[in-house]
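Shown next, in structure tokens, is the structure this report addresses.
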Amino acid sequence: MTTWVALLRGVNVNGITIRSAELAALLRGLGFEEVKTVLASGNARFTVDVDVARRAELKTRIEAALRHRFDYDAWIVLVTLDELAAAVTAYPFDAAEPSRQPYVVFCTDVAVRDALVDAAASLDPAEDPTHPGIGVVYWSPEVGRTIDTPFGKLLGRAAYKPTTTTRNLRTLVKILG
Numbered sequence: 006m007t008t009w010v011a012l013l014r015g016v017n018v019n020g021i022t023i024r025s026a027e028l029a030a031l032l033r034g035l036g037f038e039e040v041k042t043v044l045a046s047g048n049a050r051f052t053v054d055v056d057v058a059r060r061a062e063l064k065t066r067i068e069a070a071l072r073h074r075f076d077y078d079a080w081i082v083l084v085t086l087d088e089l090a091a092a093v094t095a096y097p098f099d100a101a102e103p104s105r106q107p108y109v110v111f112c113t114d115v116a117v118r119d120a121l122v123d124a125a126a127s128l129d130p131a132e133d134p135t136h137p138g139i140g141v142v143y144w145s146p147e148v149g150r151t152i153d154t155p156f157g158k159l160l161g162r163a164a165y166k167p168t169t170t171t172r173n174l175r176t177l178v179k180i181l182g
């Protein structure tokens with residue numbers, strides 16, 4: 006059995022509402038065990054007998070179920086609990102800095118992650134501090150500036166919708182439990 010974490014993109018914003026209880030019920034209906042949702046932002050942890058080699062198949066199965074049940078263009082990032090723990094542990098910035106948001110941008114496509122890292126290299130690190138990680142880009146924008154920094158605007162592009170999602174480090178710690 007593998008413990009997985011599904012990070013849904015674009016949930017409970019822009020009119021797409023998925024209640025935690027409904028998300029948990031959907032995942033249980035797929036046969037997943039030990040289902041736990043965290044916060045109301047589309048985070049779910051569950052156990053299923055699917056190994057990492059079949060990640061893409063599992064991701065497609067969950068996205069199809071979400072599309073069918075909630076009638077929206079569902080995209081998720083799917084990581085193992087161990088991968089999530091490694092991403093949290095490797096956070097390179099001061100997560101306790103009160104003037105900054107500690108974000109982790111998850112990428113399902115290595116080429117997309119590399120493109121984000123390359124784009125970030127040309128940005129002002131004082132305004133948009135970023136750092137590459139395994140399958141992620143760490144980002145520490147100023148509080149209140151998330152969507153208006155150059156990197157924030159880049160992340161908001163429609164081209165990244167199917168392959169990225171951003172989470173606050175504090176949320177990830179809660180998912181880890």
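Everything in the sequence shown is counted per this note's numbering, starting at 6 for the first residue and increasing by one. C-beta: ideal position from N, C-alpha, C; glycine also. Note that the structure is a prediction, hence the values are computed from the model and not measured.
Considering only C-alpha positions, which residue in the set the options is nearest to residue i?
i	options	result
E102	P134, L177, A116, I67	P134
L177	L89, F37, P167	L89
L31	G138, A49, W80, L174	A49
R162	V117, L128, V40	V117
F37	R14, S46, K64	K64
R74	L28, D54, A100	L28
V115	A11, E132, P137	P137
Are residue i and residue j touching if we call contact CB-CB under 8 Å?
i	j	result
L86	T8	yes
K179	V43	yes
V93	L160	no
Which whole-angstrom value describes the C-beta separation of residue i and residue j, a residue pair presumed to lie in contact below a C-beta threshold of 8 Å?
i	j	result
F111	V84	7 Å
F156	L128	6 Å
T151	L12	Between L12 and T151 the Cβ distance is about 17 Å, and since that is not below 8 Å, they are no contact.
In this structure, does DSSP put residue i in helix, strand or coil?
i	result
R162	coil
V55	coil
L181	helix
V110	strand
Quiz item: Does the region 107 to 120 come within contact of the region 142 to 162, defined as at least 3 CB pairs closer than 8 Å?
Solution: Segments in contact, yes.
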